[in-house]
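First residue of the sequence shown: 15, per this note's numbering; consecutive thereafter.
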Amino acid sequence: MGCFTEHITTCECLFRAGIPVWLVRSPQFIPQDMNIIIVVTITRPDHIVQKNFVHNGVITMFPTLHLGRGGTDHHF
Numbered sequence: 015m016g017c018f019t020e021h022i023t024t025c026e027c028l029f030r031a032g033i034p035v036w037l038v039r040s041p042q043f044i045p046q047d048m049n050i051i052i053v054v055t056i057t058r059p060d061h062i063v064q065k066n067f068v069h070n071g072v073i074t075m076f077p078t079l080h081l082g083r084g085g086t087d088h089h090f
């Protein structure tokens, strides 16, 4: 699980929540003295399922597994 974003506020929120996040920056915002090893093109994987969860013909949300503070492992 993780997120790629161009928005600094989104990046900060996810980082504080402990979610892996990558801040994607446009070339004009990258400092000239930053060492870039390789420039890559971001592509969307075509094998990720993005359909709604349907149960008995009704679009349903997945059940909540945990409600509470993050940062602690919770096992069933």
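Note that beta-carbon positions come from the ideal geometry of N, C-alpha and C, so glycine has one too. Only a predicted model underlies this, so the values are computations on that prediction, with no experimental measurement involved.
Checklist entry - If you compare alpha carbons, which of Ile44, Ser40, Ile62 is closest to Glu20? => result Ranking the options by Cα distance to Glu20, first place goes to Ser40.
Checklist entry - Looking at C-alpha atoms only, which residue of Ala31, Thr23, Phe18 is the closest neighbour of Gly82? => result Ala31
Checklist entry - Where do the ends of the beta strand (DSSP E) carrying Phe18 lie? => result 17–19
Checklist entry - Taking the Cβ atom as the reference point for each residue, do Leu37 and Cys25 lie within a distance shorter than 7 Å? => result yes
Item to check | Inter-residue Cα distance where the pair is Ile50 and Phe43 | outcome: 13 Å
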